[in-house]
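Colleague: Below: one structure in structure tokens.
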Amino acid sequence: MAALTPFLAAQTGCSESLTGIDTFSVLSSRCTGCGDCLTACSYGAISMSSGSANISSSLCTGCGKCVNRCKHSAIS
Ligand code: SF4
Ligand code: SF4
896 MAALTPFLAA QTGCSESLTG IDTFSVLSSR CTGCGDCLTA CSYGAISMSS
946 GSANISSSLC TGCGKCVNRC KHSAIS
């Protein structure tokens with residue numbers, strides 16, 4: 896799996912944090928503020944600010960549920 900990590904990162908746009916966990920971030924220009932990702936996240940890693948979702952890299956486990964939930968491809 897470790898050998899696949901760079902490939903997956905390139906495909907998803909996710910980044911590896913200092914903890915070694917691949918975390919996700921929100922592209923604010925695509926985010927509509929619908930809030931669907933908040934309900935998908937079981938770790939309280941997503942908050943809303945100024946009508947856009949934000950992901951805390953320190954709380955995100957990289958599970959990817961929010962990515963699948965977002966209909967606007969705003970999370971990568
Ligand atoms: S689901 Fe997507 S569009 Fe909706 S708030 Fe989350 S990131 Fe933004
Ligand atoms: S990848 Fe998982 S833990 Fe991280 S913000 Fe999305 S749903 Fe939450």
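Okay, so the sequence shown: first residue is 896 according to our numbering, each after it adds one. Don't be surprised by glycine CBs; every beta carbon is placed ideally from N, CA and C. Treat the numbers as computed from the prediction; the structure is a model and nothing was measured.
By how many angstroms is the C-alpha of Cys-929 removed from the C-alpha of Asp-917?
Modeller: Between Asp-917 and Cys-929, the C-alpha separation is close to 24 Å.
Colleague: Have a look at Ser-953 and Ser-924 and give me their C-alpha separation to the nearest angstrom.
Modeller: Near 23 Å, if we compare the C-alpha coordinates of Ser-924 and Ser-953.
Colleague: Taking 7 Å as the cut-off, does the CB of Gly-940 come closer than this to any heavy atom belonging to ligand 1?
Modeller: Correcting the residue type first, residue 940 is Ala in the shown sequence and not Gly. For ligand 1, not one heavy atom lies less than 7 Å from the Cβ of Ala-940.
Colleague: CB-CB under 6 Å to Cys-926, same chain, minus the five flanking residues each way: which ones, in chain order?
Modeller: The residues are Ser-947, Ala-948 and Ala-969.
Colleague: To the nearest angstrom, how far is the alpha carbon of Cys-961 from that of Ser-945?
Modeller: About 19 Å.
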